[in-house]
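Counting from 4, one number per residue, gives the positions in the sequence shown under this note's numbering.
Positions of the beta carbon are idealized from the N, C-alpha and C atoms, including for glycine.
Data block below; observations after.
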Amino acid sequence: MAGGAADCQFWERNLARECRIYELRNGERISVRAASKIMCNYMEAYKNRLSVGSMIGGWDKSGPNLYYVDSSAMRLNSGWGFSVGSGSTYAYGVLDSGYDYNMSVDDAIKLGRKAIYHATHRDAYSGGFVNLYHIQENGWTKISRDDSFALHQRYFPDNYESKDDYGDEMKVDNN
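Structure below.
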């Protein structure tokens with residue numbers, strides 16, 4: 004989610020409600036494609052008067068899907084992933100250098116965490132937390148919620164060595 008927090012939260016809650024109503028009426032979950040189209044229709048009705056950039060992902064009958072929808076009513080299907088928002092250029096730099104189609108789930112999680120960390124660390128408007136989810140055929144799993152500064156200390160521990168008031172070496176505990 005990127006853009007104005009109120010805009011994003013409002014329209015994503017509306018989308019969640021519409022998806023739930025569809026499920027209750029039809030006895031099955033809505034496709035990711037259809038959910039992204041509903042969001043796109045919302046954006047078309049208020050074209051360029053909102054600030055929304057959203058990824059809509061999931062696993063449906065056609066397999067895994069990921070769509071990007073923004074406040075200009077642009078809707079794109081992804082071949083492998085998106086980065087959304089003002090920090091996305093930093094995330095893309097990490098993704099472009101580390102992505103491999105055949106990478107393991109653990110490696111993909113590490114790469115995703117590192118990409119989002121770089122976006123949040125280098126861009127003041129990207130928030131201070133890295134939230135990771137794994138979407139599979141049977142649903143999604145929350146992997147982690149990491150503080151960006153704690154990740155910075157983990158990735159660059161040498162930057163946090165210092166001396167205490169007595170001149171003795173100190174090192175920040177990165178655990």
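Going by DSSP, name the residue or residues bridged to residue i.
| i | result |
| --- | --- |
| Met-58 | Tyr-71 |
| Gly-66 | Asp-63 |
| Ala-34 | A quick correction: the sequence has Ser, not Ala, at residue 34. Partner(s): none; Ser-34 has no beta bridge. |
| Ile-138 | Trp-143 |
| Gly-6 | Val-55 |
| Leu-79 | Tyr-71 |
| Val-108 | BP columns for Val-108 are empty, so no partner. |
| Val-133 | Asp-149 |
Output the distance between the C-alpha atoms of residue i and residue j, rounded to the nearest integer angstrom.
| i | j | result |
| --- | --- | --- |
| Ser-151 | Asn-68 | 27 Å |
| Ser-89 | Asn-51 | 17 Å |
| Ala-122 | Asp-73 | 19 Å |
| Thr-92 | Ala-118 | 10 Å |
| Tyr-25 | Met-58 | 20 Å |
| Asn-44 | Ala-76 | 7 Å |
| Trp-14 | Phe-159 | 38 Å |
| Asn-162 | Gln-156 | 8 Å |
| Leu-18 | Asp-103 | 32 Å |
| Ser-86 | Arg-32 | 25 Å |
| Ala-37 | Gly-96 | 31 Å |
| Met-4 | Tyr-120 | 15 Å |
| Cys-11 | Ser-129 | 14 Å |
| Met-106 | Gly-82 | 15 Å |
| Asp-110 | Ser-54 | 33 Å |
| Ala-48 | Leu-27 | 25 Å |
| Val-108 | Leu-154 | 20 Å |
| Asn-29 | Ala-94 | 38 Å |
| Ala-9 | Ser-39 | 19 Å |
Considering only the alpha carbon of each residue, which of the options lies closest to residue i?
| i | options | result |
| --- | --- | --- |
| Lys-145 | Gly-131, Arg-157, Asn-162 and Ile-112 | Ile-112 |
| Ser-100 | Gly-142, Gly-90, Asp-109 and Gly-115 | Gly-115 |
| Met-42 | Tyr-71, His-155 and Tyr-120 | Tyr-71 |
| Ser-65 | Gly-96, Glu-140, Gly-131 and Met-46 | Glu-140 |
| Tyr-136 | Arg-125, Asp-149 and Glu-31 | Asp-149 |
| Val-133 | Ser-147, Ala-127, Arg-125 and Asp-126 | Ser-147 |
| Leu-79 | Cys-11, Leu-154, Arg-125 and Val-35 | Val-35 |
Counting only the same chain and skipping the five closest in sequence on each side, list residues whose C-beta sits under 6 Å from that of residue i.
| i | result |
| --- | --- |
| Leu-98 | Ala-118 |
| Glu-21 | Ile-41 |
| Gly-142 | none |
So residue i packs on residue j, CB below 8 Å; how close in whole Å?
| i | j | result |
| --- | --- | --- |
| Gly-84 | Gly-6 | About 19 Å separates the two Cβ atoms, so there is no contact after all. |
Please list, in chain order, all residues of the same chain as residue i whose beta carbon is under 8 Å from its beta carbon, the five residues on each side excluded.
| i | result |
| --- | --- |
| Ala-131 | The amino acid at residue 131 is misidentified as Ala; the sequence shows Gly. Closer than 8 Å at the Cβ level, and outside the excluded window around Gly-131, lie Thr-123, Asp-150, Ser-151 and Phe-152. |
Could you name the residues of the same chain whose beta carbon sits closer than 7 Å to that of residue i, not counting the 5 residues immediately before and after it, in chain order?
| i | result |
| --- | --- |
| Ile-138 | Gly-60, Gly-61, Trp-62 and Pro-67 |
| Asp-126 | Ser-89, Gly-90 and Tyr-93 |
Contact criterion: CB-CB distance below 7 Å. Does residue i meet it with respect to chain D?
| i | result |
| --- | --- |
| Ala-111 | In summary, chain D is missing from the structure at hand, where a single protein chain is found. |
Does the ligand GTP have even one heavy atom less than 6 Å from the beta-carbon of residue i?
| i | result |
| --- | --- |
| Val-35 | Only the bare structure without any ligand can be found here, which leaves the ligand GTP out of the picture. |
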